[in-house]
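Q: Attaching a single structure in structure tokens format; questions to follow.
In full-length UniProt numbering, the protein residues as written are 1 to 375.
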């Protein structure tokens, strides 16, 4: 029999810390291996993740169509076709507006560059014309030097286009079958957990509810943000206001970071195509609208489902961006929210059933077989 004397020499606090350290190391190794597998299968993992988010967004429409009497396959088809029609319509709007206004944008940007160059020469900075010409020549030489890299990028664009098309097809297939057979797929998935199926079912339903609220709330907030800023851009007479509004809408899906990127791009376009005064007006409206979104719309619509501190969101975005780039940053927050909501359901025991009620005694005197009361 092995003596437990060596264990008594270790303080209990140190023993607990060692046990926690071993557990954290094991969990870290598992998470790292899982991240490597996901990165290796990103061609499949990313379309499936996007399909799950798209399913969470479209499921209410499909559910209402099914509740109206349509078969699930017809409800899924109609829902998917409506979504595709909206996406194609938005793409056509962007393309039409861009093709009509792009020459004007180029002309106005060139005019703004010339005005900036004159101001740098004649203004308070008093730069020399030769110095500006040297800067332009340097930029031109760098572009010519990188011409080979640009050509190689163009040559590989065909392969990238094929991969993107295959990912879109996979995403559409997964979305369709999730809308059509989501309940059956979940029931089949639960069969593999045996006695743990109850906990997994509760955790999965809590995660799905979180994802649904997050996606639907984020889309609503992003739509309001894009609509308001699109109206502001159109009112200021900015060319390409529709593509910029769509850019702001898409960037709103990445919390905190996305709006800074889209706002910077839009402000530079306003500055280059109109005037500094209009650029300042747009920037002021963007800041005010963003504050209203953060303090009113986000807490009311998304905050109940997410309930994350801004510092936690920034850390999650940083980790997601490092591991998966822009796509990782886009899905990092909902993934963290799902884990945060699902883990408690996996830990908690199911509620105990109430004890059976005692049998109630018969009312009135008990009669004998002859019909006379006993006793």
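We put the beta carbon where it would ideally sit given N, CA and C, even for glycine. Note that the coordinates shown come from a computational prediction; the quantities given were computed from them, not determined experimentally.
Quick one, are the C-beta atoms of residue 377 and residue 83 less than 8 Å apart?
A: The structure shown does not extend to residue 377, since the chain is modelled only from 1 through 375, so no value can be given for it.
Q: Just how far apart, CA to CA, sit residue 191 and residue 329?
A: C-alpha separation (whole angstroms): 33 Å.
Q: Look at the alpha carbon of residue 95 and the alpha carbon of residue 173, and state the distance between them as a whole number of angstroms.
A: Residue 95 and residue 173: Cα-Cα distance of roughly 26 Å.
Q: Give me the Cβ distance between residue 47 and residue 196, rounded to the nearest whole Å; I'm assuming they're in contact under 8 Å.
A: Not a contact, Cβ separation roughly 29 Å.
Q: So, with DSSP's three-state summary, where would you put residue 296?
A: Here residue 296 sits in helix by DSSP.
Q: With distances taken Cα to Cα, identify the nearest neighbour of residue 53 among 188, 257, 283 and 217.
A: With distances taken between Cα atoms, residue 53 lies closest to 217.
Q: Name the two residues that bound the continuous alpha helix (DSSP H) containing residue 16.
A: Looking at the DSSP string, the run of the alpha helix (DSSP H) that includes residue 16 is 12 to 40.
Q: Going by other Cβ atoms of all chains shown within 10 Å of its Cβ, with 16 needed for buried, is residue 92 buried or exposed?
A: Label assigned to residue 92: exposed.
Q: Less than 7 Å between C-beta atoms, sequence neighbours within five positions excluded: which residues of the same chain meet that for residue 150?
A: Interpretation of residue 150 is limited by its pLDDT of 46, a score under 50 that renders its predicted location unreliable; no figure is taken from the coordinates.
Q: For residue 202 and residue 333, I'd like the C-alpha separation in whole angstroms.
A: Roughly 21 Å separates the two Cα atoms.
Q: Could you tell me the distance, in whole angstroms, from the CA atom of residue 258 to the CA atom of residue 26?
A: Rounded to the nearest angstrom, the two C-alpha atoms are 34 Å apart.
Q: Please confirm whether residue 73 and residue 180 have their CB atoms less than 8 Å apart.
A: A contact, by the Cβ cut-off of 8 Å.
Q: By Cβ distance below 7 Å, which residues in the same chain neighbour residue 219 in space, the five residues on each side in sequence not counted?
A: So the qualifying residues of the chain are 57.
Q: Can you have a look at residue 168 and say buried or exposed, based on whether 16 or more other CB atoms are within 10 angstroms of its CB?
A: Result: exposed.
Q: Mapping the DSSP letters down to three states, classify residue 238 as helix, strand or coil.
A: In this structure, residue 238 counts as coil in the three-state DSSP scheme.
Q: Find out if the Cβ-Cβ distance for the pair residue 331, residue 321 is shorter than 8 Å.
A: Cβ atoms of residue 331 and residue 321: not closer than 8 Å.
Q: Report back the beta-carbon spacing between residue 243 and residue 273 to the nearest angstrom; my notes put them in contact at under 8 Å.
A: Incorrect: roughly 13 Å between the Cβ atoms, too far for contact.
Q: What three-state label does DSSP hand residue 275 in the structure shown?
A: Three-state DSSP puts residue 275 in coil, outside helix and strand.
Q: Helix, strand or coil for residue 267 per DSSP?
A: Residue state, collapsed to three classes: helix.
Q: Does the Cβ of residue 268 have 16 or more other Cβ atoms within 10 Å, making it buried, or fewer, making it exposed?
A: Exposed, since its Cβ has fewer than 16 Cβ neighbours within 10 Å.
Q: Mind reading off the beta-carbon distance from residue 76 to residue 62? Whole number of angstroms is fine, and I expect it under 8 Å.
A: About 6 Å separates the two Cβ atoms, so the contact holds.
Q: Suppose the cutoff is 6 Å on Cβ atoms and the five residues either side in sequence are ignored; what does the same chain contact list for residue 234 look like?
A: Closer than 6 Å at Cβ, skipping near neighbours: 241.
Q: Skipping 5 residues on each side, what residues in its chain have a beta carbon closer than 7 Å to that of residue 279?
A: These residues qualify, in order along the chain: 267, 270 and 271.
Q: Using the Cα positions of residue 162 and residue 33, report the straight-line distance between them to the nearest angstrom.
A: So the two alpha carbons sit approximately 29 Å from each other.
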